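**Q**
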Amino acid sequence: MSRVAIEAFEQTFAGQKSLAERAIAQMSDAQMHASAAPGMNPIAVIMRHMAGNMRSRWTDFLTADGEKPTRDRDSEFADDHLASEALMQRWDDGWCCVFDALSPLTDADLERTITIRGQPHTVARAIARQIDHYGYHTGQIVTFARILAGDQWRHLSVPPGGTDAFNRSMGYIPSV
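According to the working numbering, the residues represented by the sequence shown are 2 to 177, in order.
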């Protein structure tokens with residue numbers, strides 16, 4: 002059975018997880034719970050929300066509605082001030098739900114219908130919806146971490162002014 006699309010989705014989710022974690026690794030416990038600006042959720046709250054969403058959406062992915070009756074979404078936006086280790090465990094547990102749900106799927110499953118809040122979605126649409134959602138929050142985590150880290154920030158990709166050196170390191174020489 003073909004898994005070309007499913008593997009692409011898995012790689013995208015893995016990339017989002019890695020990007021967020023490389024930003025998170027630059028934060029102290031205090032910074033994880035600090036707001037980057039008034040009215041903005043701290044990184045810890047964004048992580049808590051993402052983990053709650055992951056547990057709800059990906060548990061019994063093909064057989065139960067993606068918005069579980071046990072989920073308390075509003076409480077995800079309160080900072081429970083978990084230490085980094087406990088917060089990362091919650092985060093990892095959420096991501097395990099994602100990857101465990103995707104691992105048995107084949108591309109043929111993409112046409113199946115599931116529900117989220119009672120609304121029908123193809124599996125393909127539901128996965129795309131979550132890629133969009135997690136990408137949005139990953140961007141928030143990276144941006145807020147960069148703000149909070151200030152001059153101590155270590156770039157997560159090609160640093161400004163480093164494109165030519167990066168391209169050469171990849172063996173890429175652009176044609177003129």
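Built from N, CA and C at the ideal position, the CB exists for glycine as well.
Keep in mind that this is a model prediction, so the values were computed, not measured.
Going by DSSP, what residue range makes up the alpha helix (DSSP H) through I174?
**A** In the sequence shown, the residue the question calls residue 174 occupies position 173. From DSSP, I174 is part of no alpha helix (DSSP H); its letter is neither H nor E.
**Q** Taking the alpha carbon of I128 as the point to measure from, which residue in L63, N168, E77 and I142 has its own alpha carbon closest?
**A** Here residue 128 refers to the residue found at position 127 when the sequence shown is read from its first residue. It is L63 whose Cα lies nearest to the Cα of I128.
**Q** Alpha carbon to alpha carbon, how far is P161 from I117?
**A** Mapped onto the sequence shown, residue 161 falls at position 160. Mapped onto the sequence shown, residue 117 falls at position 116. Using only the alpha carbons, I get a separation of about 41 Å.
**Q** Assuming Q134 is part of the alpha helix (DSSP H), what are its boundary residues?
**A** Here residue 134 is taken as the residue at index 133 of the sequence shown, counted from 1. Per the sequence shown, residue 134 should be read as His rather than Gln. H134 -> alpha helix (DSSP H) spans V124 to A150.
**Q** In three-state terms, what does DSSP make of Q120?
**A** On the sequence shown, position 119 is the one that residue 120 refers to. Looking at Q120 - three-state DSSP - the assignment turns out to be strand.
**Q** Please report how far the alpha carbon of G95 lies from the alpha carbon of A31, in whole angstroms.
**A** As a position in the sequence shown, residue 95 is number 94, starting the count at 1. As a position in the sequence shown, residue 31 is number 30, starting the count at 1. G95 and A31 have their C-alpha atoms spaced approximately 22 Å apart.
**Q** Might you give, ordered along the chain, the residues of its own chain that have their beta carbon closer than 7 Å to the beta carbon of L103, omitting 5 neighbours on each side?
**A** To locate residue 103, count along the sequence shown from 1; it is residue 102. Here the set comprises I7, F10 and E11.
**Q** For the alpha helix (DSSP H) that contains L88, what are its first and last residues?
**A** Along the sequence shown, one-based indexing puts residue 88 at 87. First-last of the alpha helix (DSSP H) with L88: S85 to L103.
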